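2 protein chains.
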Amino acid sequence: MDGDETVVADLVTTACSGDRRAVARLLTLVERGGEPADAVAEATHPLAAGAQVVGITGAPGSGKSTLTDGLAASLAEAGRRPAVLAVDPSSPLTGGAILGDRVRMEAAATAGAFIRSMATRGHAGGLALAVPGMVRVLDACGFDPVLVETVGVGQVEVDVVSVADTAVVVVTAGWGDAVQANKAGLLEVADLFVVNKADRPGAHEARRDLELMLDLSEVTGQAVDRPAVMLTTATEGTGIDDLWSAIQAHHGRLVTEGRLVGRRTRRHRAEVRSRLEHLLTEAVEDRIADLPALPDGVPGTVARRLAAELLGE
Amino acid sequence: MDGDETVVADLVTTACSGDRRAVARLLTLVERGGEPADAVAEATHPLAAGAQVVGITGAPGSGKSTLTDGLAASLAEAGRRPAVLAVDPSSPLTGGAILGDRVRMEAAATAGAFIRSMATRGHAGGLALAVPGMVRVLDACGFDPVLVETVGVGQVEVDVVSVADTAVVVVTAGWGDAVQANKAGLLEVADLFVVNKADRPGAHEARRDLELMLDLSEVTGQAVDRPAVMLTTATEGTGIDDLWSAIQAHHGRLVTEGRLVGRRTRRHRAEVRSRLEHLLTEAVEDRIADLPALPDGVPGTVARRLAAELLGE
Numbered sequence: 062m063d064g065d066e067t068v069v070a071d072l073v074t075t076a077c078s079g080d081r082r083a084v085a086r087l088l089t090l091v092e093r094g095g096e097p098a099d100a101v102a103e104a105t106h107p108l109a110a111g112a113q114v115v116g117i118t119g120a121p122g123s124g125k126s127t128l129t130d131g132l133a134a135s136l137a138e139a140g141r142r143p144a145v146l147a148v149d150p151s152s153p154l155t156g157g158a159i160l161g162d163r164v165r166m167e168a169a170a171t172a173g174a175f176i177r178s179m180a181t182r183g184h185a186g187g188l189a190l191a192v193p194g195m196v197r198v199l200d201a202c203g204f205d206p207v208l209v210e211t212v213g214v215g216q217v218e219v220d221v222v223s224v225a226d227t228a229v230v231v232v233t234a235g236w237g238d239a240v241q242a243n244k245a246g247l248l249e250v251a252d253l254f255v256v257n258k259a260d261r262p263g264a265h266e267a268r269r270d271l272e273l274m275l276d277l278s279e280v281t282g283q284a285v286d287r288p289a290v291m292l293t294t295a296t297e298g299t300g301i302d303d304l305w306s307a308i309q310a311h312h313g314r315l316v317t318e319g320r321l322v323g324r325r326t327r328r329h330r331a332e333v334r335s336r337l338e339h340l341l342t343e344a345v346e347d348r349i350a351d352l353p354a355l356p357d358g359v360p361g362t363v364a365r366r367l368a369a370e371l372l373g374e
Numbered sequence: 062m063d064g065d066e067t068v069v070a071d072l073v074t075t076a077c078s079g080d081r082r083a084v085a086r087l088l089t090l091v092e093r094g095g096e097p098a099d100a101v102a103e104a105t106h107p108l109a110a111g112a113q114v115v116g117i118t119g120a121p122g123s124g125k126s127t128l129t130d131g132l133a134a135s136l137a138e139a140g141r142r143p144a145v146l147a148v149d150p151s152s153p154l155t156g157g158a159i160l161g162d163r164v165r166m167e168a169a170a171t172a173g174a175f176i177r178s179m180a181t182r183g184h185a186g187g188l189a190l191a192v193p194g195m196v197r198v199l200d201a202c203g204f205d206p207v208l209v210e211t212v213g214v215g216q217v218e219v220d221v222v223s224v225a226d227t228a229v230v231v232v233t234a235g236w237g238d239a240v241q242a243n244k245a246g247l248l249e250v251a252d253l254f255v256v257n258k259a260d261r262p263g264a265h266e267a268r269r270d271l272e273l274m275l276d277l278s279e280v281t282g283q284a285v286d287r288p289a290v291m292l293t294t295a296t297e298g299t300g301i302d303d304l305w306s307a308i309q310a311h312h313g314r315l316v317t318e319g320r321l322v323g324r325r326t327r328r329h330r331a332e333v334r335s336r337l338e339h340l341l342t343e344a345v346e347d348r349i350a351d352l353p354a355l356p357d358g359v360p361g362t363v364a365r366r367l368a369a370e371l372l373g374e
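Chains as they are written, first to last, in this note's numbering: chain A, 62 to 374; chain B, 62 to 374.
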């Protein structure tokens with residue numbers, strides 16, 4: 062056992078005894094990547110008990126943070142041990158999240174939920190690598206459920222949410238959002254829709270638009286389990302309990318219909334695939350960096366030659 | 062010369078003689094990928110004359126399509142041969158672009174610009190693979206400039222725009238958009254900002270907010286060439302000519318300061334890297350598909366073992 066592994070093993074023991082600072086340190090190690098992150102993965106994998114993972118995504122301004130805050134607060138008050146992993150898009154220019162996202166989730170934090178924000182940019186390997194490992198840490202430390210909140214704007218965010226046990230997509234009033242959700246590919250991954258800000262004009266129309274799009278998808282035969290469309294007003298706490306009931310109902314169907322195992326196998330495969338692609342990309346970068354100059358010529362031809370060399374063909 | 066290559070060579074000859082249907086067919090071949098796309102790349106690479114490439118990106122609703130339409134129309138009327146490559150996010154659920162994006166760009170089409178829409182989803186290999194090859198076809202067929210329009214919501218779209226000669230980022234009034242542009246990493250890649258819908262309240266404040274963010278980035282020493290912030294009202298055609306002048310001024314600085322070569326080398330490298338990563342990802346998928354079952358265990362460990370096998374280490 063080398064130095065990293067000893068430190069990590071101690072941290073894991075401390076974290077599992079309920080020390081939240083130790084949990085935070087483990088999460089930081091995973092977020093930074095590299096060998097310490099690998100050591101954390103090795104140590105926490107056997108401890109992970111299979112916590113329920115709920116993905117929550119939506120456009121900026123949809124109120125999904127407030128909703129996640131309310132949900133986590135309500136779960137903590139009900140005696141559960143929820144953790145929130147909030148993924149903030151941020152810029153290297155300003156060095157972090159701009160809107161002070163780290164001070165959101167006040168209700169949940171006060172109620173005892175564990176809250177962690179992470180930036181989507183500027184850390185090695187990206188979201189698809191860090192998030193599954195961070196969920197594993199939280200699971201190993203006894204948090205359940207783990208709520209993963211992301212901004213649903215990019216493919217990576219969609220991928221992260223789509224491997225949750227239950228993927229919740231938050232929209233607000235107006236046709237525009239339903240269309241945007243569709244464009245972003247969220248209709249396909251959503252297990253549940255939430256029309257938030259239900260007190261505003263157009264919320265019921267937004268629900269109807271979503272139902273219409275779902276009708277269309279049933280016609281094309283893609284829906285296995287038609288997503289419910291819930292209405293919430295997160296700022297007032299309205300609809301939060303019903304939302305949790307709907308999440309539980311979805312999770313219950315996954316269990317009774319034997320589909321939970323499939324979801325988790327898919328999650329495992331997605332993580333292996335992301336890591337494998339990352340390792341190969343690193344090998345590519347190393348190979349390109351080793352070249353005195355990138356050969357001129359048709360890029361596809363240059364790439365095929367380099368790939369053949371790399372794969373030893 | 063096999064069948065594909067003969068067909069492609071004939072198509073390229075026809076396309077270069079000014080037959081727009083042949084150009085469209087070449088673009089379709091590139092978009093579909095595979096061996097025909099490779100044959101098109103081989104055939105068009107020597108013909109590409111180095112057309113000016115302008116990337117235009119912005120959030121949904123920023124009016125960037127109308128702006129691109131106006132710009133292309135104005136260029137065509139001035140005797141240039143502009144082409145537009147408009148990247149539409151779309152959903153496999155509905156089988157294509159939802160808002161009828163293909164019927165946008167009416168002014169430009171009427172004025173004689175070549176317009177091509179492509180969907181971001183559902184075609185093999187993705188945007189990063191298809192766009193550079195499509196630009197090469199348009200360049201080889203004598204179109205200049207080539208305007209590439211994407212929705213600036215995902216990393217891939219940002220990457221596509223960031224390798225243009227000039228990257229134009231379109232925002233609208235309101236602090237929110239400047240913040241979103243920053244969050245999406247657009248501040249770093251923009252060579253020019255456009256505050257569109259300048260006739261609406263808040264446009265001048267949006268410009269000031271952007272200037273403020275740019276001041277901040279100069280302090281951190283990241284700006285080589287500070288982006289200008291232009292005001293346009295695309296629906297009225299206001300500011301379009303000034304925008305083109307600003308694009309030309311930026312392009313002129315790239316040329317006189319010897320930076321255009323660097324940009325294009327970066328574009329070449331980015332394309333080789335995307336293709337290489339794609340080829341290796343395909344090798345990964347093949348390898349995973351060949352396994353009777355993905356091994357259980359810590360995903361990182363499983364991935365490292367598979368990577369070592371693949372790379373013959």
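Built from N, CA and C at the ideal position, the CB exists for glycine as well. All values reported here derive from a predicted model rather than from experimental measurement.
Within-8 Å CB hit, residue i to chain A
i, result
"B/Ala-234", "no"
"B/Arg-330", "yes"
"B/Gly-373", "yes"
"B/Thr-342", "yes"
"B/Leu-355", "yes"
Extent of the continuous beta strand (DSSP E) to which residue i belongs
i, result
"A/Met-291", "289 to 292"
"A/Gly-116", "114 to 119"
"B/Leu-253", "253 to 256"
"A/Glu-210", "207 to 212"
"B/Thr-227", "227 to 232"
Neighbour list for residue i in chain A, Cβ cutoff strictly below 7 Å
i, result
"B/Asp-99", "Gly-361"
Contacts of residue i in chain B (Cβ-Cβ under 8 Å)
i, result
"A/Arg-261", "Those do not exist, as A/Arg-261 stays about 17 Å from chain B at its closest Cβ, beyond 8 Å."
Within chain B, partners of residue i - CB distance below 7 Å
i, result
"A/Arg-336", "Pro-360, Gly-361, Ala-364"
"A/Ala-112", "Result: empty, since nearest Cβ-Cβ is about 16 Å, beyond 7 Å."
Cβ of residue i within 8 Å of any chain B Cβ
i, result
"A/Thr-127", "no"
"A/Pro-206", "no"
"A/Leu-136", "no"
"A/His-106", "yes"
Distance between beta carbons of residue j and residue i, contact taken as under 8 Å
i, j, result
"A/Ala-102", "B/Gly-361", "5 Å"
"B/Leu-315", "B/Ser-278", "At roughly 19 Å, the Cβ-Cβ gap does not stay under 8 Å, so B/Leu-315 and B/Ser-278 are not in contact."
"A/Ala-201", "A/Leu-108", "4 Å"
"A/Val-196", "A/Leu-253", "Actually they are not in contact, since the Cβ atoms of A/Val-196 and A/Leu-253 sit about 19 Å apart, beyond 8 Å."
"A/Asp-130", "A/Ala-85", "Between A/Ala-85 and A/Asp-130 the Cβ distance is about 19 Å, and since that is not below 8 Å, they are no contact."
"A/Leu-199", "A/Ala-112", "7 Å"
Proximity test, residue i beta-carbon vs the ligand GDP heavy atom, cut-off 7 Å
i, result
"A/Gly-173", "This structure simply doesn't include the ligand GDP, nor any ligand for that matter."
Beta-carbon neighbours of residue i, restricted to chain A and to distances below 8 Å
i, result
"B/Val-333", "Ile-349, Leu-355, Pro-360, Val-363, Ala-364, Leu-367"
Listed by chain order, chain A residues near residue i by CB distance under 9 Å
i, result
"B/Ala-102", "Val-359, Pro-360, Gly-361, Thr-362"
Range covered by the alpha helix (DSSP H) that runs through residue i
i, result
"B/Leu-372", "Taken as a continuous stretch (DSSP letters only), B/Leu-372 belongs to no alpha helix (DSSP H), as it is neither H nor E."
"B/Leu-87", "81 to 93"
"B/Gly-323", "321 to 351"
"A/His-106", "Element bounds for A/His-106: n/a, residue is neither H nor E."
"B/Gly-197", "It should be noted that the sequence gives Arg, not Gly, for residue 197 of chain B. 188 to 201 is the extent of the alpha helix (DSSP H) around B/Arg-197."
"B/Ala-134", "125 to 138"
"A/Thr-378", "In the structure displayed, chain A extends from 62 to 374; residue 378 of chain A sits before or after that span and is not available."
"A/Val-250", "247 to 250"
"B/Glu-167", "167 to 172"
Chain B residues whose Cβ lies nearer than 9 Å to that of residue i
i, result
"A/Pro-16", "It is not possible to answer for residue 16 of chain A, since the shown part of chain A is limited to 62 through 374."
"A/Val-345", "Arg-334, Leu-337, Glu-338, Leu-341"
Interface flag, residue i vs chain E, CB-CB below 8 Å
i, result
"B/Gly-173", "In the structure shown, chain E does not exist; the protein chains are A and B."
request  = Please confirm if the region 225 to 233 of chain A is in contact with the region 123 to 135 of chain A, defined as three or more CB-CB distances below 8 Å between the two stretches.
outcome  = yes
inquiry  = Contact between the region 110 to 122 of chain B and the region 203 to 210 of chain B is defined here as three or more beta-carbon pairs at a separation below 8 Å; is this criterion met?
reply    = yes
message = Whether or not the region 301 to 309 of chain A and the region 328 to 339 of chain B are in contact is what I'm after, with contact meaning three or more pairs of Cβ atoms, one per stretch, closer than 8 Å; do they touch?
response = no
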